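Worksheet: the structure to be examined is printed underneath.
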Amino acid sequence: MSECSEFEQFFPEMASLAIEVFDIKKIDRSIAFLENISQDETVLSIKKRLSQQLSLPINQIALRLDVKGKNLKDDQIVQNLNLPLIDAHLYLRNLGPQIGWKTVFLLEYFGPLVIYPIFYLRPVGIYGSDASRYPMFYGVKLALICSTFHYAKRLLETQFVHRFSNATMPFRNVFKKSTVVFLIRSKVECCGVTIKLWIKLVLLRCSKMDISNLSIHLLFKNLRPPGTKIRKIPMPDANPMTLMFNFVSCPNYTYEIGAWFWFSCMTHTYFHFCGISPNGYLGKRETPQLHTRIPKLSKTAPSNYSFPSLINYSCNWLFAFYVMHEMPDETLSV
Numbered sequence: 275m276s277e278c279s280e281f282e283q284f285f286p287e288m289a290s291l292a293i294e295v296f297d298i299k300k301i302d303r304s305i306a307f308l309e310n311i312s313q314d315e316t317v318l319s320i321k322k323r324l325s326q327q328l329s330l331p332i333n334q335i336a337l338r339l340d341v342k343g344k345n346l347k348d349d350q351i352v353q354n355l356n357l358p359l360i361d362a363h364l365y366l367r368n369l370g371p372q373i374g375w376k377t378v379f380l381l382e383y384f385g386p387l388v389i390y391p392i393f394y395l396r397p398v399g400i401y402g403s404d405a406s407r408y409p410m411f412y413g414v415k416l417a418l419i420c421s422t423f424h425y426a427k428r429l430l431e432t433q434f435v436h437r438f439s440n441a442t443m444p445f446r447n448v449f450k451k452s453t454v455v456f457l458i459r460s461k462v463e464c465c466g467v468t469i470k471l472w473i474k475l476v477l478l479r480c481s482k483m484d485i486s487n488l489s490i491h492l493l494f495k496n497l498r499p500p501g502t503k504i505r506k507i508p509m510p511d512a513n514p515m516t517l518m519f520n521f522v523s524c525p526n527y528t529y530e531i532g533a534w535f536w537f538s539c540m541t542h543t544y545f546h547f548c549g550i551s552p553n554g555y556l557g558k559r560e561t562p563q564l565h566t567r568i569p570k571l572s573k574t575a576p577s578n579y580s581f582p583s584l585i586n587y588s589c590n591w592l593f594a595f596y597v598m599h600e601m602p603d604e605t606l607s608v
């Protein structure tokens with residue numbers, strides 16, 4: 275046995291590796307061979323080498339220990355991957371064209387911010403010449419203000435509040451996310467709104483939901499220091515809007531659903547109820563992920579995180595039912 279191999283045998287944590295990288299779609303095809311990889315290097319460092327060698331953007335590279343395994347995280351250390359000193363190999367998955375999360379959200383929210391006023395300011399071009407014969411009802415104007423505030427808030431949150439765990443997502447997701455928002459939430463109805471007093475009451479409820487949603491996003495921001503991926507348990511703070519954490523795991527989606535629910539009541543249209551479904555799906559998808567992370571963060575996590583409750587919204591639904599079905603039939607124009 276050579277002196278070098280004896281050294282590596284007794285001090286494997288100091289030995290360098292040679293790693294062969296295979297294409298995950300064609301596992302018998304070797305696409306790169308990396309030498310002199312130290313045990314203290316990170317997966318991100320290996321990605322940088324592959325990016326230079328393959329002329330492939332680093333955000334398109336995902337590495338796995340086996341074909342059906344999970345993608346390795348960028349901050350994982352080579353030593354912790356338990357790769358053999360001889361015949362070490364990894365599998366590369368090409369993620370395809372990527373786009374930044376922030377860019378996607380900015381595009382998603384900018385669309386309705388521009389499209390919605392077009393329906394309001396140019397109804398003739400959208401609904402035809404007959405639209406000019408009908409007055410613009412009071413609730414439609416308030417709906418425009420409410421929608422503009424909502425998406426302006428979203429844009430400001432994306433720019434200054436949100437901290438994204440992942441830098442990029444597949445480019446095709448831009449069309450998936452934007453289509454839902456553009457089509458479902460950019461429609462203005464010019465009829466069916468109620469007396470001014472009821473409209474104002476519902477507007478207050480909608481505004482409360484948006485402000486509460488902002489409160490949750492600010493709390494999430496404070497849980498993660500800038501430039502880190504530290505995760506802490508979200509708990510209510512001095513802001514009373516955050517008390518919903520005592521009832522549900524992801525109150526930001528709860529408030530988002532509430533905002534669109536009351537917006538639908540304010541415009542007296544059922545079309546905007548379609549906007550509730552994507553938020554309900556996202557909340558359902560992210561809640562189990564949160565539940566699996568909490569036990570890892572602390573053994574003293576509150577038990578009610580596992581039992582989301584909708585008690586807080588029972589009064590909302592009853593009030594909305596009254597607004598939409600028990601109010602007078604006449605409407606008022608401005």
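Per the working numbering, the very first residue in the sequence shown carries number 275; after that it's consecutive.
Cβ atoms here follow ideal geometry from the backbone N, Cα and C, with glycine treated the same way.
Here the structure is a predicted model, which is why all the values come from computation and not from measurement.
Straight-line gap, residue i to residue j (C-alpha atoms, nearest Å)
i                 : j                 : result
alanine 533       : threonine 516     : 16 Å
leucine 308       : arginine 505      : 33 Å
isoleucine 311    : leucine 492       : 41 Å
phenylalanine 519 : arginine 338      : 36 Å
asparagine 526    : glutamine 372     : 27 Å
serine 290        : phenylalanine 384 : 50 Å
tyrosine 579      : threonine 528     : Caution is warranted here: a pLDDT of 40 is assigned to tyrosine 579, below 50, making its placement in the model unreliable, and no coordinate value can be reported.
asparagine 513    : tyrosine 425      : 23 Å
proline 500       : aspartate 314     : 25 Å
valine 476        : serine 489        : 20 Å
isoleucine 293    : threonine 502     : 29 Å
cysteine 480      : phenylalanine 535 : 8 Å
arginine 407      : tyrosine 394      : 14 Å
tyrosine 390      : glutamate 382     : 13 Å
aspartate 511     : cysteine 524      : 15 Å
lysine 482        : leucine 429       : 18 Å
leucine 364       : leucine 330       : 16 Å
valine 435        : aspartate 302     : 45 Å
asparagine 356    : asparagine 447    : 35 Å
proline 409       : phenylalanine 449 : 35 Å
leucine 478       : asparagine 354    : 54 Å
serine 304        : proline 358       : 18 Å
isoleucine 392    : aspartate 404     : 17 Å
CB contact flag (residue i, residue j, <8 Å)
i                 : j                 : result
leucine 387       : threonine 422     : yes
valine 317        : leucine 366       : no
phenylalanine 521 : cysteine 420      : no
lysine 376        : phenylalanine 438 : yes
leucine 328       : alanine 362       : no
lysine 344        : isoleucine 332    : no
tyrosine 412      : isoleucine 507    : no
asparagine 487    : glutamate 530     : yes
Whole-angstrom C-beta distance between residue j and residue i, which should lie under 8 Å
i              : j                 : result
aspartate 484  : lysine 415        : Their Cβ separation, rounded to whole angstroms, is 18 Å, which puts aspartate 484 and lysine 415 out of contact at 8 Å.
alanine 417    : methionine 540    : 6 Å
threonine 432  : phenylalanine 379 : 4 Å
isoleucine 298 : valine 341        : 6 Å
glycine 370    : proline 444       : 6 Å
isoleucine 335 : serine 325        : 6 Å
Beta strand (DSSP E) segment containing residue i, residue limits
i             : result
threonine 316 : Segment: none, threonine 316 is in no beta strand (DSSP E) and carries neither H nor E.
Strand pairing of residue i, partner residues [DSSP]
i             : result
aspartate 297 : Leu366
arginine 338  : Tyr365
glutamine 372 : Pro444
serine 304    : Phe296
leucine 291   : Ile311
Element boundaries [alpha helix (DSSP H), containing residue i]
i              : result
isoleucine 389 : 375-395
methionine 443 : That residue, methionine 443, is in no alpha helix (DSSP H); its beta strand (DSSP E) goes 442-444.
proline 525    : 525-541
threonine 432  : 412-434
Residue-chain proximity (residue i, chain D), Cβ-Cβ < 8 Å
i             : result
glutamine 433 : Considering every chain present, this structure includes no chain D. It has just one protein chain.
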